[in-house]
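**Student:** All you need for this note's numbering is the position in the sequence shown, starting with 1, plus 86.
Handing you this structure, nothing more for now.
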Amino acid sequence: MKTRTPISIYIALTFGITILAFEMFAQDSGYFSSVYFWILLVIVNILLLIMNSIGDLVENQKFAKLTEVEKKLFLAEKTTPYFVRLWSSAFKKQSQSEEKDLLIDHGFDGITELDNSLPKWWIGLFYFGIIFCAVYLLAFSFTDYAHPEKEYQKEAKMMLASIAEYEKNAPQINLENAVYNADHIAEGEQIFKTNCVSCHADAGKGGIGPNLTDKHWINIKEKSLFKNVFWMLENGSPNNPTMRPFIKDGTITGRDAEKVAAYIYHINQEQNPITEAQGGAAPQGEIANWEK
Ligand code: HEC
């Protein structure tokens, strides 16, 4: 008589397969915190326990009919832990007499071969593969499962939502509390490329808007260069509406302005100006003496 697989293994497998199925078909439903998911698991476990009790009854009936030697063998096997049993059954050697039963004789060429059955773990994996294939195909055809584009869109949406949430709660940066930070230069450059390059040209060398790398400034509203740029972004140019109030009209946030102002400080104060000879726009306004 064969020993049965313990109920704990069935329960663990059921749990794993249920989670796998939910992950594939309903990964966004928050199933893990849903009561129904847990009720389903409880029901399935109750069914498993019932099946196990029936199995126990059948086993007892069969056990009563065994001979004394068979009973001893069965009990010995039953007390060995499941995984030890599994391991040794995977590597069990056949006895000579068992091999005789499996032997196929080709006859015509004198070659004999053993007609072993495939290992259990191999067959298990094979069937699991086939079933998983079908489930995967269904999930792929009828749900968003494993569609990289959909996953990307979903994540991008989530990120944007969390950025919006952050912006809502984070303290706003304004002219008073904005500070220069060298760590902002690289990010500021990206913001500049998106919002400013159309008028102020590459690296701020000037085009429709003035050259931002030289010492000449049209608008001098603040004592420091960094704050002056922030002022311009907040208010726009008082004499030329082409330079819009980017913060006030909601194109960029105060946080972005702090970064782009750091970038402009960097190209104006920490790099050489791009002169007319190098393709920069001609100086406009007066020479500014910025405070540090
Ligand atoms: C649509 C064109 C345009 C865009 C886009 C633009 N600017 Fe300007 N900007 C101008 C013009 C034109 C002026 C000159 C305003 C004036 O004459 O007072 C100016 C002036 C400035 C000044 C003051 C320069 C000075 O000499 O007084 C700063 C600083 C500045 N812009 C920064 C930016 C930044 C940073 C961005 C991107 C967020 C940006 N600008 C986007 C057109 C633009």
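C-beta: ideal position from N, C-alpha, C; glycine also.
1. Who are ASP34's beta bridge partners in DSSP?
2. When the Cβ atoms of the region 244–254 are set against those of the region 303–316, are three or more pairs found closer than 8 Å?
3. Compare the C-alpha of GLY274 against each of GLU344, LYS151, ASN358 and name the closest.
4. What's the C-alpha gap between PHE278 and GLU320?
5. For TRP124, list the residues DSSP reports as bridge partners.
6. What number of angstroms, rounded off, separates the C-alpha of ASN202 from the C-alpha of ALA247?
7. Which ranges does the alpha helix (DSSP H) cover as unbroken runs of at least 4 residues, wholly within the region 246–271, from first to last along the chain?
8. Evaluate the contact criterion for the region 145–156 versus the region 257–270: three or more CB pairs, one atom per stretch, below 8 Å.
9. Quick one: measure Cβ to Cβ for GLY290 and ILE350, integer angstroms, because I've assumed they're closer than 8 Å.
10. Indicate the three-state DSSP secondary structure (helix, strand or coil) for SER174 in the structure shown.
11. Between SER323 and the rest of its own chain, which residues show a CB-CB distance below 8 Å, the 5 nearest in sequence each way excluded?
12. Measuring alpha carbon to alpha carbon, tell me which residue in THR165, SER119, TYR96, SER174 is nearest VAL130.
13. THR299 and MET359 - do their beta-carbons sit closer together than 7 Å?
14. Under three-state DSSP, which class holds PHE356?
**Tutor:** Reading off the structure:
1. Residue 34 is absent from the model: the chain starts at 87 and stops at 378.
2. Cβ pair count under 8 Å is below three, so no.
3. GLU344
4. 15 Å
5. TRP124 is not bridged to any residue.
6. Straight through space, the alpha carbons of ALA247 and ASN202 are spaced by roughly 60 Å.
7. none
8. no
9. With a contact defined as Cβ atoms closer than 8 Å, GLY290 and ILE350 qualify at about 6 Å.
10. helix
11. ILE304, ASN305, MET329
12. TYR96
13. The question names Met, but residue 359 in the sequence shown is Pro. For PRO359 and THR299, yes; Cβs fall inside 7 Å.
14. Contrary to the premise, residue 356 reads as Glu rather than Phe in this sequence. Here GLU356 sits in coil by DSSP.
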